[in-house]
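Residue numbers (the numbering used here): 2 to 125.
Using N, Cα and C, we set each Cβ at its ideal position, and we do this for glycine too.
Have a look at the structure below, then the notes.
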């Protein structure tokens, strides 16, 4: 039975025509399987940047499709009522009503938030 070193395609050595073994590649037997702290930090930074970019691309495509649809509706049927008017006309009056109140409550909370931030900045 031939050993691994006797085979001509083995990395340990090659047999010459005279039968002597010549070593062309040295084998490294001590493989270190450890991660240093800098490797872990690079993986963490790359993972966070990658996930942020993926989320940014997904949300960007969603915003792009919504704004494209809104632009097509605005060109097809111009009106001065905004999102709630288009929701009333193309979907259901109840959706338009809910969208209007949603905008009202959103801007009410935004006003309170801006007043709070202004007070904190002036106090600083």
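> Alpha carbon to alpha carbon, what distance is there between residue 43 and residue 50?
Replying inline: 11 Å
>> Quick check: residue 91 and residue 74, are their CB atoms within less than 8 Å of each other?
In response: yes
>> If distances are taken between C-alpha atoms only, which option among 66, 105, 76, 69 comes closest to residue 85?
In response: 105
> Quick one: Cα of residue 94 to Cα of residue 88, how far?
Replying inline: 7 Å
> Where are the alpha helix (DSSP H) runs, 4 residues long or more, that stay fully inside the stretch 31-111, in chain order?
Replying inline: The stretch 31-111 contains these whole alpha helix (DSSP H) runs: 38-77, 83-91.
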